[in-house]
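Trainee: Right, I'll just put the structure down here and ask away after.
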Amino acid sequence: MLKEDQEDEVDDKLIKKYLATGNSEYFEPIVERYERYGYIYAYSLLKNEFDAQDVVAESFLKAFAKIRQYRLGSSFKNWFLKIVHNTSFDLLRKNKTLVYLDDLENGESYSADETLSYDNIQSLDFGEMQKALDRLPHDLKGVVILRYYYDWDYKKICEFLNIPIGTLSSRLNRACKKLKNLYEGGI
């Protein structure tokens, strides 16, 4: 059995116990297991450690409140990450901080918070690649992170983002072209 399948089984057992008893101590191991995972994803989208921490906390509150909507037998990690994804994009829309590459090419500047401190994570600086990723639109950046950093397959990404495979292929293709142009242009 794969590690991910084992985690899913453990999560389901804890969730069943929580649902049966209402005791939040059964939910705590799930929070501990996925807090960092959600934070890294939120930070990669938001580029602000405080916003990322807030998004993760809010996402756990939403997950806790809507746990009866979770389908046992599916992946809690993916379900939770979808909540983090939606909460991050809600914040981005609320703050109107979506920055598009076209805006950058027209001379608008974008400064990203380069530091990250969260427990043992010292930095998400992936060098030049991170600088280039920071200049991509969020929809392209998200698919690149899910595909190449989390190593998710196309099917899993499509299900997660609720997009057809053609849209995913198009986004990845556009992202790769923009990244190539950024590298050729010296980022």
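Going from the sequence shown to the working numbering is simple: count from 1 and add 78.
Glycine residues also receive a C-beta, built at the ideal position from the N, C-alpha and C atoms.
Anyone know if the C-beta pair for S166 and A120 falls short of 7 Å?
Mentor: It is a contact, given that the beta carbons lie within the stated cut-off.
Trainee: Along the chain, where does the alpha helix (DSSP H) that runs through W157 open and close?
Mentor: Counting along the chain, the alpha helix (DSSP H) containing W157 begins and ends at F154 to N173.
Trainee: I need the straight-line Cα distance from E110 to I93, nearest angstrom please.
Mentor: Rounded to whole angstroms, E110 to I93 spans 14 Å at the Cα level.
Trainee: CA-CA distance, Q84 and G263?
Mentor: So the two alpha carbons sit approximately 45 Å from each other.
Trainee: Cβ of D90 within 7 Å of Cβ of L150?
Mentor: Yes, the pair counts as a contact, with Cβ atoms nearer than the cut-off.
Trainee: By Cβ distance below 6 Å, which residues in the same chain neighbour L257 in space, the five residues on each side in sequence not counted?
Mentor: Correct list, in chain order: A210.
Trainee: Quick check on L260: does DSSP put it in helix, strand or coil?
Mentor: Helix.
Trainee: Does DSSP classify D132 as helix, strand or coil?
Mentor: Note: D132 maps to helix in three-state DSSP.
Trainee: By how many angstroms is the C-alpha of T99 removed from the C-alpha of N251?
Mentor: Straight-line Cα distance between these residues: approximately 48 Å.
Trainee: With a CB to CB cut of under 7 Å and the five nearest residues on each side skipped, what residues in its chain are close to K160?
Mentor: F238, listed in sequence order.
Trainee: Compare the C-alpha of Y115 against each of F138, G244, C254 and F142 and name the closest.
Mentor: Out of F138, G244, C254 and F142, F138 has the C-alpha closest to the C-alpha of Y115.
Trainee: For L97, does the count of other Cβ atoms within 10 angstroms reach 16, so buried, or fall short, so exposed?
Mentor: Flag for L97 reads exposed.
Trainee: Please look up how many angstroms separate the CB atoms of I235 and L218, rounded, as I've assumed it's under 8 Å.
Mentor: So it is not a contact: roughly 13 Å between Cβ atoms.
Trainee: Between the C-alpha atoms of E106 and S122, what's the straight-line distance to the nearest angstrom?
Mentor: Their backbone Cα atoms lie some 24 Å apart in a straight line.
Trainee: With burial defined as no fewer than 16 other Cβ atoms inside 10 Å of the residue's Cβ, what is the status of S195: buried or exposed?
Mentor: Below a pLDDT of 50, predicted positions are generally treated as unreliable, and S195, at 30, falls in that range; the measurement from the model is reported next regardless. Flag for S195 reads exposed.
Trainee: Does the beta-carbon of F154 have 16 or more other beta-carbons within 10 angstroms, so that it is buried, or is it exposed?
Mentor: That one is buried.
Trainee: If you reduce the DSSP assignment to three classes, tell me which class E82 lands in.
Mentor: If DSSP states are grouped into helix, strand and coil, E82 belongs with the helices.
Trainee: Using 10 angstroms around the beta-carbon of Y61, count the other beta-carbons present and answer buried if the total reaches 16, otherwise exposed.
Mentor: Outside the shown range of the chain (79 to 265) lies residue 61, about which nothing can therefore be said.
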